[in-house]
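Read left to right, the sequence shown gives residues 124 to 262 (our numbering).
The C-beta atom is built at its ideal place from N, Cα and C for all residues, glycine as well.
All remarks here apply to the structure that follows.
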Amino acid sequence: VLRRAEALPLRSRVEARLLREARALVAVLGDFNDGPDSLTLRAVAGELAEPQRGRNADLDAASSLEGGTLHHCARAVPSADRFTILHRGARAQVDHILASRALWRRFRGARIHNEELRDLGDGREEVESDLAPVVAAFE
Numbered sequence: 124v125l126r127r128a129e130a131l132p133l134r135s136r137v138e139a140r141l142l143r144e145a146r147a148l149v150a151v152l153g154d155f156n157d158g159p160d161s162l163t164l165r166a167v168a169g170e171l172a173e174p175q176r177g178r179n180a181d182l183d184a185a186s187s188l189e190g191g192t193l194h195h196c197a198r199a200v201p202s203a204d205r206f207t208i209l210h211r212g213a214r215a216q217v218d219h220i221l222a223s224r225a226l227w228r229r230f231r232g233a234r235i236h237n238e239e240l241r242d243l244g245d246g247r248e249e250v251e252s253d254l255a256p257v258v259a260a261f262e
C-alpha cells in the first residue's frame, strides 16, 4: 500500500509534464522494489487510468493524455533474462525503465546486466550491489 501511495504523486508529475508537452522525452527509472505487473508499476506507467466520463473539459484532458502510458523498456529483454535480483533461487525484476511514447519511438533496445549477480539467500559473502543494472538504448 505504501509503494502504491508513493507511486501516485510520481504519476501525477508524469501526467502534468505530458499535458504541458505531449511529445516530452520522459523516463522514469530506478529500483521500485516491485515487479513489472505490480499495482505500483502499473500506476506509475498509467496502466490503471480509467476512461474519463462527464463534461467535455474532462474528455479533452483525457484525450490530450492519449499515449500517456509509459512503456516498459525491459520487456524487450528475453523473459529468461528479465531479472535484477536473485534471492534464494528466486529471480525477480525490481528495477525498471519506463519511457514516454515520444522517448519510446527512439528506443533501440534494453539489457539487464545480471551475468555476475549472486544469490543473496545464502549469506556467505557480501556483494557491492545486490541488484543488476537495467540499461536502455535510445536514438
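> So which of ILE235, ALA166, ARG146, GLU144 has the shortest CA-CA distance to ALA215?
Replying inline: Residue numbering aside, residue 215 sits at position 92 when the sequence shown is read from its first letter. Nearest of ILE235, ALA166, ARG146, GLU144 to ALA215, Cα basis: ILE235.
> Which whole-angstrom value describes the C-beta separation of ALA233 and ALA259, a residue pair presumed to lie in contact below a C-beta threshold of 8 Å?
Replying inline: Taking the first residue of the sequence shown as 1, we reach residue 233 at position 110. Taking the first residue of the sequence shown as 1, we reach residue 259 at position 136. For ALA233 against ALA259, the beta-carbon gap comes to about 5 Å, under 8 Å, which counts as contact.
>> To the nearest angstrom, how far is the alpha carbon of VAL217 from that of LEU142?
In response: What you label residue 217 is simply residue 94 of the sequence shown in a count that begins at 1. What you label residue 142 is simply residue 19 of the sequence shown in a count that begins at 1. VAL217 and LEU142: Cα-Cα distance of roughly 28 Å.
>> Alpha carbons only, please: which of LEU254, VAL151, ALA145 is nearest the one belonging to HIS194?
In response: For the purposes of this step, residue 194 is taken as residue 71 along the sequence shown, with counting starting at 1. Minimum Cα distance to HIS194 is reached at VAL151.
>> Within a Cβ cutoff of 6 Å, which residues of the same chain sit near LEU171, ignoring the five residues on either side of it in sequence?
In response: The residue labelled residue 171 in the question sits at position 48 within the sequence shown. By the criterion of a C-beta distance shorter than 6 Å, LEU171 is surrounded in its chain by ARG165, once the five residues flanking it on both sides are discounted.
> Run through DSSP, which three-state label would VAL167 get?
Replying inline: Taking the first residue of the sequence shown as position 1, residue 167 is located at position 44. DSSP places VAL167 in the helix class (H, G or I) of the three-state scheme.
> What runs of the beta strand (DSSP E), each 3 residues or longer, lie entirely inside the stretch 135-164?
Replying inline: Correct list: 150-154.
> Out of curiosity, what's the CA-to-CA distance linking ALA128 and PHE261?
Replying inline: The count along the sequence shown starts at 1 and reaches residue 128 at position 5. The count along the sequence shown starts at 1 and reaches residue 261 at position 138. If you take the alpha carbons of ALA128 and PHE261, they lie about 30 Å apart.
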